[in-house]
Each structure stands twice: as structure tokens, then as C-alpha cells.
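**Student:** First the structure, then my questions, so here it is.
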Amino acid sequence: MFRHTPLRYAVLAILAVAALVQTFTAGYFGLEILIEILILCLLVLALDLVAGFGGMVSLCHGALMGVGAYAFVALGTLAGLDPWLAALAAVAITAAMAWVIGAICARSHGIYFIMATLAFGQMAYSYVFESPLFGGDDGMGGIDRFDLGAIGLDLNDSRTFALFCLAVVVLAYLFSVAILRSGLGRSLSGVMHNEKRMKALGLNTWRIKADVFGLSGIIAGVAGVLAAQHIMFISPGLLNWTVSGEALVVVILGGLGTLVGPLVGAAAFVVMKHELGEITTYWHLVVGVILIAVVMSRANGIFGWVEARWGAAIERRLTDATRSPAKKEVSTDA
Amino acid sequence: MTQDLSFWTLQTLNALQLSMLLFLLSIGLTVIFGLMHFVNLAHGALYALGAYIAASIAGVAGFWVAIIAAPVGVALVGVVLYGGLIQRMRKSGPMAQVLVTFGLIFALLDLTRIFWGDLALAMSMPQVLSGQVDLLGVSYPAYRLFIILLGGAIFVALALVLSRTQIGAMIRAGVDNDAMAACLGINVERLFFVVFCVGCALAGLAGAVAAPLLSVTPGMGLQILIPTLIVIVIGGLGSLKGAVAGSLIYGFVQTFGAVLAPQLASVLIYALLAAVLVIKPVGLFPAKG
Numbered sequence: 001m002f003r004h005t006p007l008r009y010a011v012l013a014i015l016a017v018a019a020l021v022q023t024f025t026a027g028y029f030g031l032e033i034l035i036e037i038l039i040l041c042l043l044v045l046a047l048d049l050v051a052g053f054g055g056m057v058s059l060c061h062g063a064l065m066g067v068g069a070y071a072f073v074a075l076g077t078l079a080g081l082d083p084w085l086a087a088l089a090a091v092a093i094t095a096a097m098a099w100v101i102g103a104i105c106a107r108s109h110g111i112y113f114i115m116a117t118l119a120f121g122q123m124a125y126s127y128v129f130e131s132p133l134f135g136g137d138d139g140m141g142g143i144d145r146f147d148l149g150a151i152g153l154d155l156n157d158s159r160t161f162a163l164f165c166l167a168v169v170v171l172a173y174l175f176s177v178a179i180l181r182s183g184l185g186r187s188l189s190g191v192m193h194n195e196k197r198m199k200a201l202g203l204n205t206w207r208i209k210a211d212v213f214g215l216s217g218i219i220a221g222v223a224g225v226l227a228a229q230h231i232m233f234i235s236p237g238l239l240n241w242t243v244s245g246e247a248l249v250v251v252i253l254g255g256l257g258t259l260v261g262p263l264v265g266a267a268a269f270v271v272m273k274h275e276l277g278e279i280t281t282y283w284h285l286v287v288g289v290i291l292i293a294v295v296m297s298r299a300n301g302i303f304g305w306v307e308a309r310w311g312a313a314i315e316r317r318l319t320d321a322t323r324s325p326a327k328k329e330v331s332t333d334a
Numbered sequence: 001m002t003q004d005l006s007f008w009t010l011q012t013l014n015a016l017q018l019s020m021l022l023f024l025l026s027i028g029l030t031v032i033f034g035l036m037h038f039v040n041l042a043h044g045a046l047y048a049l050g051a052y053i054a055a056s057i058a059g060v061a062g063f064w065v066a067i068i069a070a071p072v073g074v075a076l077v078g079v080v081l082y083g084g085l086i087q088r089m090r091k092s093g094p095m096a097q098v099l100v101t102f103g104l105i106f107a108l109l110d111l112t113r114i115f116w117g118d119l120a121l122a123m124s125m126p127q128v129l130s131g132q133v134d135l136l137g138v139s140y141p142a143y144r145l146f147i148i149l150l151g152g153a154i155f156v157a158l159a160l161v162l163s164r165t166q167i168g169a170m171i172r173a174g175v176d177n178d179a180m181a182a183c184l185g186i187n188v189e190r191l192f193f194v195v196f197c198v199g200c201a202l203a204g205l206a207g208a209v210a211a212p213l214l215s216v217t218p219g220m221g222l223q224i225l226i227p228t229l230i231v232i233v234i235g236g237l238g239s240l241k242g243a244v245a246g247s248l249i250y251g252f253v254q255t256f257g258a259v260l261a262p263q264l265a266s267v268l269i270y271a272l273l274a275a276v277l278v279i280k281p282v283g284l285f286p287a288k289g
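Protein chains in written order, with the UniProt record's numbering: chain A, 1 to 334; chain B, 1 to 289.
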């Protein structure tokens, strides 16, 4: 089950402060990078929920994000819906689709699960790529950001939009924690550790997996809506499996099954991509080598490594501190 | 058009050609998969490497040297990869393997870009195979026919090796139950190594024969990866029969889908894959019951 340790709280606080400082000090380009990180954060939260806590390594989450983006734009420009309504509907569509994919794929395991999710992701990609309704390979443009004029905010300003994204990431994080702490989340980790036993206990295991997959689809859908509003242009490339692959890389780089780690991974990955991109056009090579090194070191990503080294020590010190006064009380009573 | 017999012949030949190319790739991947439980996503990158090696050598020493040198070169790369990475990752779960080989894709992609540049390379086909052949009333490019025959020949050779020889029996035993095979005195580790190298060589061969048909680009390994994975997942892991069935299904669905139902063509194969996974989650002809 998911627990907050002091280390996790500390890292979350550092991340939040860093994001806020970046929001108010960075120029236009810095803000763009921050928004990119924040949207990636949503996607990796969704992926960590299924992969890290349910053992469902999904290669279709990029496509789910793309579906959210496309549904949002299509409902906005083709059906003429209000952006808020379009966003709600887009998230609902993504979640429904994720649930169906999860329900179908939940029967397979390991590499078959990976392949099955890949198939569904590519199906969506090919459909959008070929479909004239959604602009085919030309993509679609002309999307409005949310109108928050009623409370005096203009989302067309990068700074305000970055703050808005940050708020959404915080909400998504709380949502993920809530899922994991619910009965559903606990049964999910039970299914991950021993599916047969959970079945024997009378639980409907595929239903649990599908439900969590659907819930993670909500977050992916939100990521899609924000991505569409950020770039103000969407193309089928958003749904390609390499996007899901990259998201998986980010989750691993940060630390699978920690929720906090993937956020660290997202920040590290985007910054690394931009920094390396300026030095060399071969940044994929560097990322690839780092990825191989991280996986082969058998550490659970950057955050997992930190947690393994210092997390236990910090926790021991804290529990010692809280326990010692209690001991004194006992001794005086005696 | 569709009433015409020559149309069907032509499309069948096209489908066969695509199938055979995919077969060359998927057989290596599937046996590595089945025997070693190792998910090598970088198999497509090895195919691209084969194409690059072939295109470079063909310019100097001609087509036939290139088509032999490419598998050898890729097998050598395979030896290095096996020693450096694969051997250590064998016992970890599919997730770690997917990621390591994903990193390998990134790395190999950029390495080919560093060595050969971003521009597409071209490779010309040999004089003998550049003409057309009349077959069942259609004139068909000889080179494509050569690919069909090569794929068929390799299939027959592999089927014979697997079903009739000692080493084939050892491989089948290893795929069925590697622990039991080891108990019977088969050196499963060395078997893995040989199979891995042969698989790499076949990927290199596929790249070399595909090079004259397609332009050789850094991204070609990524493009072929998904079809190859579809083939082995439809066919079922680890079996020769599965690789053949999967590649034929893919080739025919893709080719006939493109001419008969162009709007559905690209989704069709993924829908088929999803259907197979729903009905038989382990593929049509898995090696293990």
C-alpha cells in the first residue's frame, strides 16, 4: 500500500517550491519547459498508478493522453462545445476507453499485457492518423484555453497557465493517493503481489484491474486536455507508442511504484532532454545509456535509490525520537 | 479489377513477400523469446543495422558479399550485446528487459546516425534479380520473388534443423522446459547464446534483403518493430509454426486490407491482434501448452 514517508513529503515540498520559484522567476522559455514537465507529470502519475501499483505495464497511456487531447479538440471545434464541457466530456471518453482496454487486457500477463496495450494504443494512433475527420496526419489546430476571466485569470498568459497546470498536478496527485488508499487500491496491490490468492479470497481481479485502469485514464485524459491547450495544436504523433515508451522510461528513471519518483523523473527527463539537446543532437544516445545503467544497477530509479539509502535512516531516527518519551513515561509509572 | 485472376495472384505474391520478410525477423525474436524468456525490443534496431552494413558493403563489394556480410556483422554485434547486457538481464522480469532494450533502441538509433548520418542510403539490387519474371500470367519483380524464395528456404532449413537434428531437439526441449533440459545434461546457457546469435544474424539478413526495396533510414528499425511483435504475439511465443502463421496472417491481412478496404487497413491488423489476445491470450500456436 502507498505510504507517505518523511522523505516523500520532503521531496514533494521541494518539487512544489521549485515549481513555484520557476513560475515566478523564469522567462517565456523556462515557463514552456515547466508546463511541459507538469503535463508529463500527469501522464506518469497515471502510468505509475497502473504499472507501479498494479503491475500492469501499459504501452497505451500515451495514446490515452492523445485520445483525451483529440476528444477535447474535436468536441470544441467540430461540435462547438464550451471548452469546460468539452474537457469534461473528453476526460469521460478517455476514462471509458481506458476501462474497456483495461478490462480486455486484464486477462493477459507480463509481456502479453504489454503487447495487448500496445495494440490498442496503435489502433487509436492508426485510426486518428488515417481519419479525415480528425485532420489525418495534418493534425488539428484552433483550440481555446479555458476562460477563467470570471475569477480574473487569463490562461493565455504562460505564467498563469503554468500555475493552473501546477494546481491540476497537485489535484491529480491527491486523487492518485486517494485511489491507492481506498479499498480498491489495496485490493489492487494484493492482485499485483498474488493474483491467485486474491481470486481465492473471492475478489473479481479483472474488475479491480479494469477499474484502476479506467481511473488512471481520467488522469491521462486530463493530461491530454492540458497538452492540447498548451501546444494549441495536436497531431497523431501524440498517440504514437513511443510517447508511451518515453513515459515508461520516465517512470522507471524516477522510481516505479512511489508516485513521488515519477514526478522527479519527469522533471529530470525534460530538463535533461533540453540541456542535452543544446549540446548534442544525439541526446537519445545519452538517455539510452543512462536508462540502461539505471535498470542494470537494480536501483528503483533516482528516487528509489535515494529512498533506499536515506529513507530508512530518516524514518528510524524519527521513530526513535517519538518512542523515547513514551519509554520514560513507562519507567516513571513503574 | 477484383474479378481478374491476375489481381489476386499479384496481391498474393505481395502478401507472401511481406510475410517472408517479417518471418525472417520474427523467427529470431520468437525463439529468443520462447527459449530465453527475453524480450528483445532492440531486434528491430539490429535489422536496421543489417540494412546499413549491407548498404555500405554493397557499394564496395557488391550485393552478394553484402548479403553475407550483414548477418555476420550483426551476429558479432549480438555477441557483444549478449556478453554485455543480455546475459545479465536474463533473470530479471519482462519489465526490466523491455526497458533495457528500449534504452538499447535509443542508443543504437543514434549510433547509426553518428556512423552513417541522417540521410537515407540506397542499395541497388544485383543485375540478375533486377528484371521481371512472368508467373501465372503476371509479371512480377524478380527481386521480390527472391525474397519469397529465400524466406521459404530459411523456413525449410529451420524446420529441418528443429525437427530432425540433435541440436533442434535440444532447442525444443529448452523451450518446453529449460530446467528439465538442463537436468538432462543440455548446456542450456550455451544453447541460448547460439540461438541468440542466429536470431541476430537472421535480423541482419532481413535488413540486408529489405534494403534494396526500402530506403535505409535510422528509423526503419522502429517502424518494423511493431509488425514483428504483432506477428509473434498472434502466432504465439517460441514456436516456428507460430512465427510462420503470424507472418502469413499479418502479410495477407495487411496487403489485402490495403487494396480491398483502404479505410480500415491500418486498424484491421491491430483489431485482429486484440481479438486474438481476447480469445487466446497466449497466441494461436504457443510453444508451451
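Glycine included, every Cβ here is placed at the ideal spot set by N, Cα and C.
If we cut at 8 Å on Cβ distances, does residue 174(A) have a partner in chain B?
**Tutor:** Residue mapping note: residue 174(A) aligns to position 174 of the first sequence, counting from 1. Not one chain B Cβ lies under 8 Å of residue 174(A).
**Student:** Closer than 8 Å between beta carbons: that is the criterion. Which residues of the segment 125 to 137 of chain A meet it against chain B?
**Tutor:** 126, 127, 129 and 130
**Student:** Is the beta carbon of residue 32(A) less than 8 Å from the beta carbon of residue 158(A)?
**Tutor:** Within the first sequence, residue 32(A) is the residue found at index 32, counting from 1. Within the first sequence, residue 158(A) is the residue found at index 158, counting from 1. Closer than 8 Å, so yes.
**Student:** Please name the residues in the segment 99 to 110 of chain A whose beta-carbon is closer than 7 Å to at least one beta-carbon of chain C, in chain order.
**Tutor:** Considering every chain present, this structure includes no chain C. Its protein chains are A and B.
**Student:** Which bits of chain A does residue 82(B) rub up against, with CB to CB less than 7 Å?
**Tutor:** By 1-based counting over the second sequence, the position of residue 82(B) is 82. Simply none; closest approach about 14 Å.
**Student:** Within a Cβ cutoff of 6 Å, which residues of the same chain sit near residue 227(A), ignoring the five residues on either side of it in sequence?
**Tutor:** By 1-based counting over the first sequence, the position of residue 227(A) is 227. 39 and 69.
**Student:** For residue 140(B), write down the residues that DSSP places opposite it in a beta bridge.
**Tutor:** Sequence index remark: in the second sequence, residue 140(B) carries index 140 (1-based). Its beta-bridge partners are 133(B).
**Student:** Quick one, which residues of the segment 182 to 210 of chain A are near chain B if we go by CB-CB under 9 Å, in chain order?
**Tutor:** none
**Student:** Would you kindly check if the distance between the Cβ of residue 224(A) and the Cβ of residue 56(A) is under 8 Å?
**Tutor:** For the purposes of this step, residue 56(A) is identified with residue 56 of the first sequence, where counting begins at 1. For the purposes of this step, residue 224(A) is identified with residue 224 of the first sequence, where counting begins at 1. The answer is no: Cβ separation not under 8 Å.
**Student:** Consult DSSP for residue 233(A) and reduce its assignment to one of helix, strand or coil.
**Tutor:** Stepping through the first sequence from its first residue, residue 233(A) is reached at position 233. Looking at residue 233(A) - three-state DSSP - the assignment turns out to be strand.
**Student:** Taking the beta carbon of residue 202(A) as the centre, do at least 16 other beta carbons fall within 10 Å, making it buried, or is it exposed?
**Tutor:** Your numbering for residue 202(A) matches position 202 in the first sequence. Exposed is the call here.
**Student:** Using only the alpha-carbon positions, how far apart do residue 289(B) and residue 186(B) sit?
**Tutor:** Locating residue 289(B) in the second sequence gives position 289, counting from the first residue. Locating residue 186(B) in the second sequence gives position 186, counting from the first residue. The pLDDT assigned to residue 289(B) is 43, lower than 50, so where the model puts this residue is not dependable; a value taken from the coordinates is nonetheless given after this. The straight-line gap from Cα to Cα measures roughly 22 Å.
**Student:** Out of 20(B), 76(B) and 33(B), which has the shortest C-alpha to C-alpha gap to residue 46(B)?
**Tutor:** For the purposes of this step, residue 46(B) is identified with residue 46 of the second sequence, where counting begins at 1. For residue 46(B), the nearest C-alpha among the options comes from 76(B).
**Student:** Thinking residue 252(A) and residue 301(A) are a contact (beta carbons under 8 Å), I'd like their distance in whole angstroms, please.
**Tutor:** Within the first sequence, residue 252(A) is the residue found at index 252, counting from 1. Within the first sequence, residue 301(A) is the residue found at index 301, counting from 1. With 8 Å as the limit, residue 252(A) and residue 301(A) qualify as a contact, their Cβ atoms being about 6 Å apart.
**Student:** Does the beta-carbon distance from residue 42(A) to residue 172(A) come in below 8 Å?
**Tutor:** Working through the first sequence from its first residue, we reach residue 42(A) at position 42. Working through the first sequence from its first residue, we reach residue 172(A) at position 172. Going by C-beta atoms, residue 42(A) is nearer than 8 Å to residue 172(A).
**Student:** State yes or no: is the C-beta of residue 207(B) within less than 8 Å of the C-beta of residue 51(B)?
**Tutor:** Taking the second sequence and counting its residues from 1, one reaches residue 207(B) at position 207. Taking the second sequence and counting its residues from 1, one reaches residue 51(B) at position 51. Taking 8 Å as the Cβ cut-off, residue 207(B) and residue 51(B) qualify as a contacting pair.
**Student:** For residue 282(A), which residues in chain B fall below 7 Å Cβ to Cβ?
**Tutor:** Along the first sequence, read from residue 1 onward, the residue named residue 282(A) stands at position 282. Ordered by position in chain B, the residues that pass the 7 Å Cβ test against residue 282(A) are 110, 113 and 114.
**Student:** Residues of chain B with a CB under 8 Å from the CB of residue 120(A): which are they?
**Tutor:** Counting from one through the first sequence, the residue named residue 120(A) turns up at place 120. In chain order: 270 and 274.
**Student:** With a threshold of 8 Å between beta-carbons, can residue 252(A) be considered close to chain B, or not?
**Tutor:** Within the first sequence, residue 252(A) is the residue found at index 252, counting from 1. Output row for residue 252(A): interface = yes.
**Student:** In three-state DSSP terms, what is residue 333(A)?
**Tutor:** To locate residue 333(A), count along the first sequence from 1; it is residue 333. Because the pLDDT at residue 333(A) is just 44, under 50, the model does not fix this residue reliably, and the value given afterwards should be weighed accordingly. Residue 333(A) falls in the helix class under three-state DSSP.
**Student:** Check whether the Cβ of residue 266(B) lies closer than 8 Å to any Cβ atom in chain A.
**Tutor:** Looking up residue 266(B) in the second sequence gives position 266. By this cut-off, residue 266(B) is an interface position.
**Student:** What would DSSP say about residue 201(A), mapped onto helix, strand or coil?
**Tutor:** Sequence index remark: in the first sequence, residue 201(A) carries index 201 (1-based). Three-state result, residue 201(A): coil.
**Student:** Helix, strand or coil for residue 149(A) per DSSP?
**Tutor:** As a working note, residue 149(A) is residue 149 in the first sequence. If DSSP states are grouped into helix, strand and coil, residue 149(A) belongs with the helices.
**Student:** Evaluate residue 183(B) with the Cβ neighbour count: other Cβ atoms within 10 Å of its Cβ, from every protein chain shown; 16 or more gives buried, anything less gives exposed.
**Tutor:** Here residue 183(B) refers to the residue found at position 183 when the second sequence is read from its first residue. Residue 183(B) should be labelled exposed.
**Student:** Name the DSSP beta bridge partners of residue 64(A), please?
**Tutor:** In the first sequence, the residue the question calls residue 64(A) occupies position 64. Residue 64(A) is not bridged to any residue.
**Student:** Can you pull the chain B neighbours of residue 112(A), defined as C-beta to C-beta under 9 Å?
**Tutor:** Numbered from 1 along the first sequence, position 112 holds the residue referred to as residue 112(A). Listed along the chain, the chain B residues whose CB falls inside 9 Å of the CB of residue 112(A) are 233, 237, 277, 281, 282 and 283.
**Student:** Under the DSSP definition of a beta bridge, which residues are partnered with residue 216(B)?
**Tutor:** The sequence position of residue 216(B) within the second sequence is 216, counting from 1. DSSP, once it has assigned bridges, lists 121(B) as partnering residue 216(B).
**Student:** If we count the other Cβ atoms within 10 Å of its Cβ and call it buried at 16 or more, is residue 317(A) buried or exposed?
**Tutor:** What you label residue 317(A) is simply residue 317 of the first sequence in a count that begins at 1. The C-beta of residue 317(A) has fewer than 16 other C-beta atoms within 10 Å across all chains shown, which makes the residue exposed.
**Student:** Kindly indicate if chain A contains any beta-carbon less than 8 Å away from that of residue 88(B).
**Tutor:** Working through the second sequence from its first residue, we reach residue 88(B) at position 88. Yes - at least one Cβ of chain A is within 8 Å of the one on residue 88(B).
**Student:** At least one CB of chain B closer than 8 Å to the CB of residue 295(A): is that the case?
**Tutor:** For the purposes of this step, residue 295(A) is taken as residue 295 along the first sequence, with counting starting at 1. It does: the Cβ of residue 295(A) has a partner Cβ on chain B nearer than 8 Å.
**Student:** Tell me whether residue 64(B) is buried or exposed, calling it buried when 16 or more other Cβ atoms sit within 10 Å of its Cβ.
**Tutor:** For this step, residue 64(B) is matched to residue 64 along the second sequence. It is exposed - the Cβ of residue 64(B) has fewer than 16 other Cβ atoms within 10 Å.
**Student:** Helix, strand or coil for residue 141(A) per DSSP?
**Tutor:** Taking the first residue of the first sequence as 1, we reach residue 141(A) at position 141. The answer is strand: DSSP assigns residue 141(A) an E or B state.
**Student:** Measure the beta-carbon distance from residue 181(B) to residue 170(B) and round it to whole angstroms, keeping in mind my assumption that it falls under 8 Å.
**Tutor:** Mapped onto the second sequence, residue 181(B) falls at position 181. Mapped onto the second sequence, residue 170(B) falls at position 170. Their Cβ separation, rounded to whole angstroms, is 7 Å, which keeps residue 181(B) and residue 170(B) in contact under 8 Å.
**Student:** Quick one: grab the DSSP three-state call for residue 319(A).
**Tutor:** Start at 1 with the first residue of the first sequence, and residue 319(A) comes out as number 319. Three-state DSSP puts residue 319(A) in a helix.
**Student:** Could you tell me which chain A residues have their CB closer than 8 Å to the CB of residue 96(B), listed as they occur along the chain?
**Tutor:** Along the second sequence, read from residue 1 onward, the residue named residue 96(B) stands at position 96. Here the neighbours are 295.
**Student:** Taking the alpha carbon of residue 163(B) as the point to measure from, which residue in 240(B), 6(B), 270(B) and 202(B) has its own alpha carbon closest?
**Tutor:** Along the second sequence, read from residue 1 onward, the residue named residue 163(B) stands at position 163. Nearest C-alpha to residue 163(B): 240(B).
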